[in-house]
Amino acid sequence: MRGDGHAHARQLHGYLQAVTAMKDDGSLFLCAYLGPIAPQSAFDALCRVLKIQPDGMRLQPVESMVCSGALCTPRQWLLERMLPMSEADRQPLDARLYDGFEGELAELLGSDPRWYQLVSSGQRILAAQLGAIWSVFVFGTECHAYVMHCSWDR
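Throughout, my numbering is defined as the position within the sequence shown, counted from one, plus 24.
This is the structure we're talking about:
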């Protein structure tokens, strides 16, 4: 199954690269396979992939997150532009773009994924490693975990 997990991550990464091109606002996306583990148990693998120290960091279920500020959910990251180039760009991208991403995930994973977000205690500045504005989401099923790293650094 190892090859399938990496192939799925490449497919999702390709989808996210297409979103990057459509947004054209400096947003960057990365998708990688963390391994044949449950997403809630993928913290160590996540730290290795992103090359960050685990001190002051943890994974928290997305549904328990209190959203404040710009772009704090996967949906916002994919649909909203950080730096609109024109008045027409101020409108979010078509919601079908995110619906397509969710559909792609459900098809690849065989079920709806569970989502977790990397949160920091605020004592560590990770802008140099993760971008000026960033969100890191771990998602997957009981058997496979992936990371979606979203950043903006313009």
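Cβ atoms here follow ideal geometry from the backbone N, Cα and C, with glycine treated the same way.
Cα-Cα, which of R120, D177, M106 is closest to A156? D177
With a 10 Å radius around its C-beta and 16 neighbouring C-beta atoms as the bar for buried, classify C174 as buried or exposed. buried
Ordered list of beta strand (DSSP E) runs contained in the segment 61-116, each at least 3 residues: 81-85
Are the segment 84-99 and the segment 26-41 in contact at 8 angstroms, needing three or more beta carbon pairs? no
From D79 to V162, what distance separates their C-alpha atoms? 18 angstroms
Taking only runs that begin and end inside the segment 141-166, name each unbroken beta strand (DSSP E) of 3 or more residues, in chain order. 157-164
If you draw a straight line from the C-alpha of E128 to the C-alpha of L74, how long is it? 24 angstroms
Close-in-space but distant-in-sequence residues of the same chain around F53 (CB under 6 angstroms, 5 per side omitted): L40, T44, C174
What are the boundary residues of the beta strand (DSSP E) that includes H173? 169-176
Does the separation of the CB atoms of L117 and M172 fall below 8 angstroms? no
Taking the straight line between their C-alpha atoms, what separation do you get for A169 and A152? 25 angstroms
In terms of alpha-carbon separation, which member of R138, V160, L103 lies closest to I61? R138
Measure the Cβ-Cβ separation of L142 and L102 and say whether it is below 8 angstroms. no
Cβ distance (whole Å) where Y122 is taken to contact R99 below 8 angstroms: 5 angstroms
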